[in-house]
Structure formats: C-alpha cells, structure tokens
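Participant: So the protein lines, in turn, are chains A and B.
Using my numbering, read the first sequence as starting at 1 and increasing by one per residue.
Using my numbering, read the second sequence as starting at 1001 and increasing by one per residue.
The structure's right below; bear with me while I get my questions together.
Protein chains: 2
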Amino acid sequence: MNKERLIEKLSEANVRAVARLITLIENENPLSEEILKKVWKETGKSYIIGITGPPGAGKSTIVDSLAKFLVEKGKKVGVLAVDPTSPFSGGAVLGDRLRMTGAQSSGIFIRSVASRGHLGGLAATTRLLINAVELLGNDYTIVETVGAGQGDVEIVKISDTTIVVEVPGLGDEVQAQKAGILEIGDILVVNKSDRPVSDRLARELQMMLSLGDKKDLESPIVPTTATTGEGIDELWEEIKKHQEYLGKGRFKDNRLEKLKYELENQISQKLFTKKIVEIGDKEITKTSKDILNRKIDPFTAVDNIIKE
Amino acid sequence: MNKERLIEKLSEANVRAVARLITLIENENPLSEEILKKVWKETGKSYIIGITGPPGAGKSTIVDSLAKFLVEKGKKVGVLAVDPTSPFSGGAVLGDRLRMTGAQSSGIFIRSVASRGHLGGLAATTRLLINAVELLGNDYTIVETVGAGQGDVEIVKISDTTIVVEVPGLGDEVQAQKAGILEIGDILVVNKSDRPVSDRLARELQMMLSLGDKKDLESPIVPTTATTGEGIDELWEEIKKHQEYLGKGRFKDNRLEKLKYELENQISQKLFTKKIVEIGDKEITKTSKDILNRKIDPFTAVDNIIKE
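Below, the structure written as structure tokens:
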C-alpha cells in the first residue's frame, strides 16, 4: 500500500490500513508522522480507559471482558495492549497476539504493541497509537499496560479514566509499593475475588486510600472475577460515574494538561536532535571525555554546548 | 555556612559540609551547581557499587554488612540510599534515616535521599550525590535503590558493578518481571538463603540466565543471609572479580558511555528550559489547545515552535 492509498483507506476506517499505520508508529517509521498529519482531524474522538496493574493480575482478561460487554451494549471498542519493553531485554511481556483472533471475531479491534517509547516517552508514542485506533471511529479505546514501574505512571498521562487492577496473594512486601500506584487509579479493581484473601486486600486498599490525599470523587473498589465475567457490569457502572463526574469541563482541562506535558517533551526531544545535528556526535564524545578526565565540569560543558 | 566556607570545608573532607551539599542537591538548590563546579576535580575517584532489588529483599541489611566488611578491610566507604519518589505520592519508600547513627559510629558515611530526579533523570541527580559523597575521599560508594521499575534501570547508568538482590517467596507471578532486571545484574544475590525455597529460586535464576544473551563474564549467583552476615565475604570476592574483569579499559569505556548519555539528557533539558523562557509558557498552552481542538497537528506545531 503506498502512502496516498493508505491515507485513503484510513479515511474509510479500513482495519488493515489502521493495523499498517500502527506498525509504522511502532517501528518509528517517519512515514507515520506524515500520515498522522493528514488524518489528525479525525482523531481524538474516543474516550480513553487505561488499565494497569502487576503482571499476573488478570488485566488482559478484564480488558477482554469489558470490551465484549461494551460491544454488546452497541459501543465500538478498540484495545491496545502496550508493552513498555525494557531497554535491556527488548522483550515483550504481553505479546499475546493470539488474543487478536478471538476478540476480532466479536468485532473488537485489538492489538498488542511493544513500545520502546524512545521519542518523547512512552505516553507520547501510546497517544499516537491511540490516534491510529481512533480512525476506526470507536467510542472507547482501552489501553492496557503492565504495571512494572514506568508503564503504570505513564498510563495516567493518556487516560481519561485510569483503572488499577490488584490481586490478592502477591505477598505483603509488595504492598509497600502499592501506595504510589493507588493514587493514580480513578477506579481500583480487586481481581480474582473468589480467592479467600481478597476481602483482606480490599480492606487494605480501603485503608490505604483513606490515608492518602482526599479526592473530590473517591476511588471506588470493585471486586471482579474476570474469568467468569463477575463484576464487569459494576466496573462499567463506575467508569460511567467517573465519565459523568469529569463532564465536559474537567475532561477538557485534564486532556489539555496532559497534552501540554507531551508537547513539552516533544519540543525538548526535537531541540536536542537539532543540536546534535549541528554540533555532531563527535563533539559530545569529546566533551564527555573531558568531563570524565575532570578537565571541565558538566555544568560549564553543557552551557558551552548550548551557546555554540 | 556561607558558600566560600562550605567549599573550604569540602576541600577538608568535612562530613557536615558533605551532608549540607547533599541537601542542596536533593532540594535542587542552584547553589549546589556552583559548589560542584568548584570541587569537580576532586570527584569521580571512588568505585561505585549499585544495589537494587524488590522492596523487602533485604537490600539495606546487605549494604550495611558489606559496608562494615569493607571498613574492617581498611577501606573508606560511603553509602547512598536513593529513593526514587513517585511523582504522585512524593513519599519516601526507604527514608530510614535511623540507620545513619549505627553506621556512622563504624566510620561509614551513610545517607538516605529522596531524589525526584526532575532535571535530566534520576541517574543524573544520583551521579551528583555520589560526587558529593566522594569528597570524603572514599574508595567505594555503595548506592542502593528500591527496584520498583524506574530505579532499577537507572542504577545501571551510574554503577561500575551492579548487584541485583532477589528473595524467595514473592510469588511466581512476580518472576515474569525478573527477566528484565536479571540482565542488568553483574552479580545476583539470593538473600534470606536460610529459607527452604531459596535453592529453587537460585536454580530458576540460573535457568533464566542461561536463556539470556551470553556475556563475557557470566553473572554469578551468591546466596546470602544478610541478617547473620553469611555470604557477604563471597559477595565481596565476586565484586573484586568483576572489578578486575573491567580493568582499566572496560572501566573507562563504561563510564564514558554512561556519562555521554547523561550529558545528552542535560543538554536536552537545558535547551528546553531556554526555549520556554524565549517563547513563554502561554504560547505552549495556546498551542496545546490548538492541537486538542484539532486546529493543528502536533508535528507541525512542534516544528513551528522550534523554528521560532
């Protein structure tokens, strides 16, 4: 498919064309930028639900159940499973592309992507991927990231509603880490709520929430058993409540704030790239050597390069 | 203490002056930059050992035991426990400043810091903190970070030898996450090796390692029981082996590569700050609104701002 044909097909909400655009974005192909420029006006129209949580919490099952639930309600849904690949392993944590077949037969567009997030961070790349999915004209885009540090904070920057999934039995020592992630959740889900210890986890989460900063809309805790679909309807009710709470005002304010943050990142990246082209990579290496050998301090070195 | 007096005291390796400089860096006080410029030539002389791992793995106990072990061998040791605070909670995970008293009486400088790492990332700030500690003339600086995503990858960027601490019994589901963190470890420690399941963990780690990319020097797995001090001598032997393996060549190459990465980050940050001062924050907000309302696409918007 050449560029013009691809743009044409995208304007027709063609699934294969969208899949192609996603691959271009994923591979950081410059063509993706050209194409997104052309179709930009058609993006930004879906409501974005972000889901994060530790590996093994059952995020994928919840996402699939929620997506099917929404399709049954007559909504058009797109799903992105974003794997923030480690700069070291480069491997995919999610990568379960088998899911595609099952979900697509229910009319859901679902795609796993391994985002390196080199340019302007994971959130910026994910935003572009969402924009690509939105060309299908979906009402909701569900974005799933594995909650292993970087990803779980980044998801807040792109979601209208953020859902944090927790699961009982990952050990008390892991709990200490949870305080941070709880604060990003508009809705908390305790999955595998058929396990005996899940009530305790729900109580612990409730307690942690009560210790945190007061929010205007308190984050509800929803118990689910994703494998049987239990609790998905309640989860949907809470998503709707949050969406209503945001209304038009808060919704727009939040999106603006996030976009501003992203724009700043992009500017920062581009300025740097431009600078490197100007001064050359050799200069950077030479200056690094001088800093290492204590011929110059890093602050003066940076100032000199900026002035050049 | 005024600036001149502080610099004077730093040149005398005064502990209180170093503590003061660390606080200045921690609070991102511009004075810290001025002072570090003056004392830059005296920094960079210690060998840096980084330790990371999940909360509850016993990192602090290992660090304390290792530091005391080195002091007994006649080495001068500084310890930094860096807490990569969440941008949301702002709270300290480590923050155990009580440790200071016990360790200081053994002649070890130990300090917990909550690094926000706003400017140029966590690694850049930690590097400056290490430089401050190095003014005490220590042979080794041990840096401890909690392995909760961001921190554990960042530590590689500042360490000469990276140690990853694992502990049995955190649940199989957490294992999936380990593959990534294993690759950053020059040495792997299985702590609480008195627990019955620790042998299984060691075997699992061995298997994961054998699946990964071959390294010139294979990462050894060291069992420890930090509370009793068992295994600390073996850990030290492995650190020495790694240090010898690096020699002068690899050691310098590694440091240069890391410094270059940091320098690039700093340049990027400063360029952006300069740009914002030039065009004003209002322009950024206005452009963000235009992007949100689909009046302009983000790529063209960024290009326009860069050209301004």
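Using N, Cα and C, we set each Cβ at its ideal position, and we do this for glycine too.
Checking 9 Å against the spacing of the C-beta atoms, do V164(A) and L188(A) come in under that value?
Facilitator: Going by C-beta atoms, V164(A) is nearer than 9 Å to L188(A).
Participant: Determine the chain C residues that contact Q1266(B) at a beta-carbon separation under 7 Å, and present them in chain order.
Facilitator: Absent from the structure is chain C; the protein chains it does hold are A and B.
Participant: Per DSSP, E230(A) is paired with what?
Facilitator: T225(A).
Participant: Quick one: what's got a C-beta closer than 7 Å to K1075(B)'s C-beta in the same chain, skipping five residues either side?
Facilitator: Result list for K1075(B): D1139 and Y1140, in chain order.
Participant: Please determine, among N1293(B), V1302(B), S1268(B) and K1270(B), the residue with the shortest C-alpha to C-alpha distance to I1284(B).
Facilitator: Answer by Cα proximity: V1302(B).
Participant: Taking 8 Å as the threshold, find out whether the region 232-241 of chain A comes into contact with the region 194-203 of chain A through three or more Cβ pairs.
Facilitator: Contact fails: fewer than three Cβ-Cβ distances are below 8 Å.
Participant: Since I1142(B) and V1190(B) should fall inside the 8 Å C-beta cutoff, what is the C-beta to C-beta distance between them, to a whole number of angstroms?
Facilitator: The C-beta distance from I1142(B) to V1190(B) rounds to 19 Å, too long to meet the 8 Å contact threshold.
Participant: Beta strand (DSSP E) containing L271(A): first to last residue?
Facilitator: Taken as a continuous stretch (DSSP letters only), L271(A) belongs to no beta strand (DSSP E), being part of the alpha helix (DSSP H) at G249 to I279.
Participant: State the beta-bridge partners of A81(A) as determined by DSSP.
Facilitator: S112(A) and E144(A)
Participant: The region 234-266 of chain A: which residues have C-beta closer than 7 Å to a C-beta of chain B, in chain order?
Facilitator: Per Cβ criterion, the list reads R255, L256, L259, K260, L263, E264 and Q266.
Participant: Run through chain B and tell me which residues come within less than 8 Å of G44(A), C-beta to C-beta.
Facilitator: L1292 and R1294
Participant: Excluding five sequence neighbours on each side, which residues of the same chain lie with their C-beta closer than 7 Å to the C-beta of Y1245(B)?
Facilitator: The answer, listed in chain order, is L1217.
Participant: Indicate whether P223(A) and E238(A) have their beta-carbon atoms separated by less than 9 Å.
Facilitator: no
Participant: Any C-beta of chain B within less than 8 Å: which residues of the region 26-45 of chain A qualify?
Facilitator: So the list reads E33, L36, K37, W40, K41, T43 and G44, given in the order they occur along the chain.
Participant: Using a C-beta cutoff of 9 Å, does F309(A) count as contacting chain B?
Facilitator: Nothing can be reported for residue 309(A), as the shown portion of chain A is limited to 1 through 308.
Participant: Here's the rule I'm using: 16 or more other beta-carbon atoms within 10 Å means buried, otherwise exposed. How should Q1206(B) be labelled?
Facilitator: By the Cβ-count criterion, Q1206(B) is exposed, with fewer than 16 other Cβ atoms from all chains shown falling within 10 Å of its own Cβ.
Participant: Measuring CB atoms only, is the region 1287-1307 of chain B touching the region 264-281 of chain A, in the sense that at least three cross pairs come out at less than 8 Å?
Facilitator: yes
Participant: Between the region 204-226 of chain A and chain B, which residues of the former have a C-beta closer than 7 Å to a C-beta of the latter?
Facilitator: none
Participant: Assign V197(A) to one of three DSSP states: helix, strand, or coil.
Facilitator: coil
Participant: Would you give the residue range spanned by the alpha helix (DSSP H) that T61(A) belongs to?
Facilitator: First-last of the alpha helix (DSSP H) with T61(A): K59 to E72.
Participant: Helix, strand or coil, according to DSSP, for L136(A) in the structure here?
Facilitator: coil
Participant: From the DSSP output, which residues share a beta bridge with G1056(B)?
Facilitator: DSSP lists no partner for G1056(B).
Participant: Is the separation between the beta-carbon of T1311(B) and that of I1108(B) shorter than 9 Å?
Facilitator: It is not possible to answer for residue 1311(B), since the shown part of chain B is limited to 1001 through 1308.
Participant: Does the Cβ of N2(A) have 16 or more other Cβ atoms within 10 Å, making it buried, or fewer, making it exposed?
Facilitator: exposed
Participant: Kindly give me the distance between the Cβ atoms of S112(A) and A81(A), rounded to whole angstroms, as I take these residues to be in contact under 8 Å.
Facilitator: 4 Å
Participant: Cβ of K1282(B) less than 9 Å from any chain A Cβ?
Facilitator: no
Participant: Nearest-angstrom Cα distance between H1242(B) and I25(A)?
Facilitator: 40 Å
Participant: If I'm right that G1050(B) touches S1159(B) with Cβ under 8 Å, what's the distance once you round it to whole angstroms?
Facilitator: 3 Å
Participant: Beta-carbon separation of S46(A) and E144(A) under 9 Å?
Facilitator: E144(A) is positioned such that its CB atom lies no closer than 9 Å to that of S46(A).
Participant: R255(A) to W1040(B), Cα distance in whole Å?
Facilitator: 43 Å
Participant: Under DSSP, the alpha helix (DSSP H) around L24(A) begins and ends at which residues?
Facilitator: V15 to E26
Participant: Bridge partners for V1164(B) per DSSP, in chain order?
Facilitator: Answer is T1052(B) and L1188(B), bridged to V1164(B).
Participant: Tell me, please, whether the CB atom of S1288(B) is closer than 9 Å to any CB atom in chain A?
Facilitator: yes
Participant: Would you list the one or two residues that DSSP bridges to Y1047(B)?
Facilitator: Y1140(B)
Participant: Within the 9 Å Cβ cut-off, does A1176(B) reach chain A?
Facilitator: Low confidence applies to A1176(B): its pLDDT is 43, below 50, so where it sits in the model is not reliable enough to give any reading.
Participant: Suppose you measure from the CA of T1023(B) to the CA of A1124(B); what does that come to, to the nearest Å?
Facilitator: When rounded, the distance between both Cα atoms is 16 Å.
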